[in-house]
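Protein chains: 2
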Amino acid sequence: MTLPPESGAAAPEGNGERPARPVPEATVSRLAVYLRVLGELREAGVETVSSEELAGASGVNSAKLRKDLSYLGSYGVRGVGYDVTSLQGRLQGELGMDHRQSVALVGVGNLGHALAGYTGFAGRGFPVSTLFDVDDELVGSEINGIRVRHVREIPEVCAEGGVTIGMIATPGPAAQKVCDLLVAAGVQSILNFAPVLLSVPDDVEVRKVDLSVELQVLAFHVARRHTGAAAVTDKTNESVVS
Amino acid sequence: MTLPPESGAAAPEGNGERPARPVPEATVSRLAVYLRVLGELREAGVETVSSEELAGASGVNSAKLRKDLSYLGSYGVRGVGYDVTSLQGRLQGELGMDHRQSVALVGVGNLGHALAGYTGFAGRGFPVSTLFDVDDELVGSEINGIRVRHVREIPEVCAEGGVTIGMIATPGPAAQKVCDLLVAAGVQSILNFAPVLLSVPDDVEVRKVDLSVELQVLAFHVARRHTGAAAVTDKTNESVVS
DNA sequence: GCATGTGAAGTTATTCACAGCG
DNA sequence: CGCTGTGAATAACTTCACATGC
Numbered sequence: 104m105t106l107p108p109e110s111g112a113a114a115p116e117g118n119g120e121r122p123a124r125p126v127p128e129a130t131v132s133r134l135a136v137y138l139r140v141l142g143e144l145r146e147a148g149v150e151t152v153s154s155e156e157l158a159g160a161s162g163v164n165s166a167k168l169r170k171d172l173s174y175l176g177s178y179g180v181r182g183v184g185y186d187v188t189s190l191q192g193r194l195q196g197e198l199g200m201d202h203r204q205s206v207a208l209v210g211v212g213n214l215g216h217a218l219a220g221y222t223g224f225a226g227r228g229f230p231v232s233t234l235f236d237v238d239d240e241l242v243g244s245e246i247n248g249i250r251v252r253h254v255r256e257i258p259e260v261c262a263e264g265g266v267t268i269g270m271i272a273t274p275g276p277a278a279q280k281v282c283d284l285l286v287a288a289g290v291q292s293i294l295n296f297a298p299v300l301l302s303v304p305d306d307v308e309v310r311k312v313d314l315s316v317e318l319q320v321l322a323f324h325v326a327r328r329h330t331g332a333a334a335v336t337d338k339t340n341e342s343v344v345s
Numbered sequence: 104m105t106l107p108p109e110s111g112a113a114a115p116e117g118n119g120e121r122p123a124r125p126v127p128e129a130t131v132s133r134l135a136v137y138l139r140v141l142g143e144l145r146e147a148g149v150e151t152v153s154s155e156e157l158a159g160a161s162g163v164n165s166a167k168l169r170k171d172l173s174y175l176g177s178y179g180v181r182g183v184g185y186d187v188t189s190l191q192g193r194l195q196g197e198l199g200m201d202h203r204q205s206v207a208l209v210g211v212g213n214l215g216h217a218l219a220g221y222t223g224f225a226g227r228g229f230p231v232s233t234l235f236d237v238d239d240e241l242v243g244s245e246i247n248g249i250r251v252r253h254v255r256e257i258p259e260v261c262a263e264g265g266v267t268i269g270m271i272a273t274p275g276p277a278a279q280k281v282c283d284l285l286v287a288a289g290v291q292s293i294l295n296f297a298p299v300l301l302s303v304p305d306d307v308e309v310r311k312v313d314l315s316v317e318l319q320v321l322a323f324h325v326a327r328r329h330t331g332a333a334a335v336t337d338k339t340n341e342s343v344v345s
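Just so you know, the protein sequences line up as chains A and B, in that order. Per the numbering used here: the first sequence = residues 104 to 345. Per the numbering used here: the second sequence = residues 104 to 345.
The following block contains the structure:
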């Protein structure tokens, strides 16, 4: 039985905003992608999409998309498709965009500086509200209009500012210490760019972005091609063939 | 039948360096992590690790680690563990680090600039050898000692330089065009930071890093906690509990 | 008629648990 | 003995295929 543990009263509507469904982790990241695509569609004036179209624009197949959306309940119209605006709203709610999200970034070095200025975050509902660093040269300065504060201020500032998400872009050796400070400040979601494994209480969610790992996976495939082997077990490909 | 499809004529060589095993995609990214940890261990003077230790330091459980390594053949000693140096060498080979990898980065804006200066790449065997941009202000200048060239030069420069991996850090709208140029130049592995779906021939491997998606996944979990729900189906957690 | 929503089947990945070897 | 290596069991995820309902 692999079926979604259907949590009791389904309450299709009324205004029952909460089927309390257990969304698979793999689905969550795709929902974020669908949400971006829906935004583009809406800007383009599209009012309705079929699963086929939305899936195509998101790089997945339509069955997967429908299954993903089914975890949120039924929001499509048979024979027609999905209303772009209302599906967008539904996804925003599901992905926590109706709560205010406030992001703190620790480590304003090379990468951190770029992240602080990355317009993609604010544009997508994740304004970086505070910057932290240990470097006294930087503390007190402003980057992209945001003042850099000293790492030791993390506890107060994060609590005051209602920070929900912390990003760590420090050198590896500093990351755990910073992480501990964030956790102590009540931050329960952390995006870690430092190439180290963070230890956290298990009510804290950590996601790691490791750029070297990404390159290494690509290098593996380069090597495979030269070895002439059929490489990997996988099958993930809907790319448009030239 | 889940067993490795054993690809026909196995060992062309004398000393069986290649079982021609089909490494699962999920395993590949973890191998990259193990490789990093092994490097750290070696620098710390450690000569032998058990699967338990290496797994702990990598954030996975030991059964998974052993299974992962088993795809490369047997390199451990029962009752003892793995020799750090030789396992490191084995992984480097498997991950294509014995081929020369040369990385081209397209888009030297906010994020691209940071990537160009990211020491983690060169340090881990992925020197960024060439930068490209369309901005005439940038073309001709140097960043981190690397000259910025015009995007239209991609074909020649990539071919000459033997570029094996392309990184795209342009704004979304430019990404597909850049991607086409890279592909035309023979680049078969691309790391895409632009928030768009790239179309490529299916002999080209694309990996996408979407920072907003990462944040959104975290936001989802933030929202879940406030909803008090048991959230997700998943179970991916080996974080050290405080 | 047509596209959604979903059980059921298939595939891939993880974990268990223990045989086998140093 | 202890720790590796691995079949067998479990779980997660994907795809199929079709009944369902607009």
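All C-beta atoms, glycine included, are put in the ideal place defined by N, C-alpha and C. In this text the structure is predicted, and so the values were computed from the model without any measurement.
In the DSSP assignment, S161 of chain B falls outside any beta strand (DSSP E) and within the unbroken alpha helix (DSSP H) covering 154 to 161. Runs of the alpha helix (DSSP H) spanning 4 or more residues and lying entirely within the segment 172 to 216 of chain B occur at 187 to 197, in chain order.
Within the segment 211 to 289 of chain B, the complete alpha helix (DSSP H) segments at least 4 residues long are 213 to 220, 222 to 226, 257 to 264, 275 to 287, listed from N- to C-terminus.
Shown here, S302 of chain A sits in coil according to DSSP, grouped into three states, outside any helix or strand. The beta carbon of D313 of chain B sits closer than 7 Å to those of P298, all from its chain and outside the five residues before and after it, given in chain order.
For a Cβ distance threshold of 7 Å, residue set A217, G220, Y221 of chain A lies close to N213 of chain B, ordered along the chain. For the pair V163 of chain A and R133 of chain A, the CB atoms are nearer than the 8 Å cut-off. At a C-beta separation below 8 Å, Q204 of chain A has these neighbours in chain B: L318, A322, V325. Interface criterion not met: the Cβ of V266 of chain A is under 8 Å from no Cβ in chain B. Going by beta carbons, Q204 of chain A and T130 of chain A fall outside the 8 Å limit.
Residues of chain A whose Cβ lies closer than 8 Å to the Cβ of V136 of chain B are, in chain order, D313, V316. Chain B places no beta carbon closer than 8 Å to that of V209 of chain A, leaving this residue out of the contacts. Interface flag for A277 of chain B against chain A is unset, since no Cβ pair is found closer than 8 Å. For P298 of chain B, the closest Cβ of chain A is nearer than 8 Å.
K311 of chain B has B:N295 as its beta-bridge partners, per DSSP. For the 8 Å CB-CB criterion, V183 of chain B and L144 of chain B do not form a contact. The beta-carbon distance between H329 of chain A and E308 of chain B, rounded to whole angstroms, is 13 Å. This is too long to meet the 8 Å contact definition. For A147 of chain A, there is no enclosing alpha helix (DSSP H), as DSSP marks it with neither H nor E. Contact residues of the segment 153 to 172 of chain A toward chain B are A160, S161, G162 (C-beta to C-beta distance below 8 Å). Assigned with DSSP and collapsed to three states, V320 of chain B falls in helix. Ranking A:A287, A:L138, A:Y178, A:L318 by CA distance to the CA of E259 of chain A puts A:A287 first.
Sequence-distant Cβ neighbours of S189 of chain A in its own chain, meaning closer than 7 Å and more than five residues away, are Y178. Linking V320 of chain B to K167 of chain A through their CA atoms gives a straight-line distance of about 18 Å. A direct Cα-Cα distance of roughly 43 Å separates L175 of chain B from V231 of chain A.
Sequence-distant partners of D305 of chain A (beyond 5 residues in either direction) whose C-beta falls short of 7 Å from its own C-beta are missing from its chain. Residue state for V136 of chain B is assigned as helix, using DSSP reduced to three classes. Looking at the backbone, the Cα of P274 of chain A and that of G210 of chain A are separated by about 8 Å. G196 of chain A and A160 of chain B have their alpha carbons spaced roughly 37 Å apart. Close CB contacts of S244 of chain B within its chain, under the 8 Å cut and outside five residues either way in sequence, are with R250, V251 (chain order). Using a CB distance cut-off of 8 Å, H253 of chain A does not count as an interface residue toward chain B. A direct Cα-to-Cα measurement between V290 of chain B and A322 of chain A gives close to 12 Å. Here N213 of chain A is near A217 of chain B, since their CB atoms are less than 8 Å apart. A straight-line Cα-Cα distance of about 44 Å links S154 of chain B and D201 of chain A.
Under the three-state reduction of DSSP, R124 of chain A is assigned to coil, being neither helix nor strand. V180 of chain B counts as exposed, since fewer than 16 other C-beta atoms from the protein chains shown sit within 10 angstroms of its C-beta. At a cut-off of 8 Å between beta-carbon atoms, G199 of chain A makes contact with chain B.
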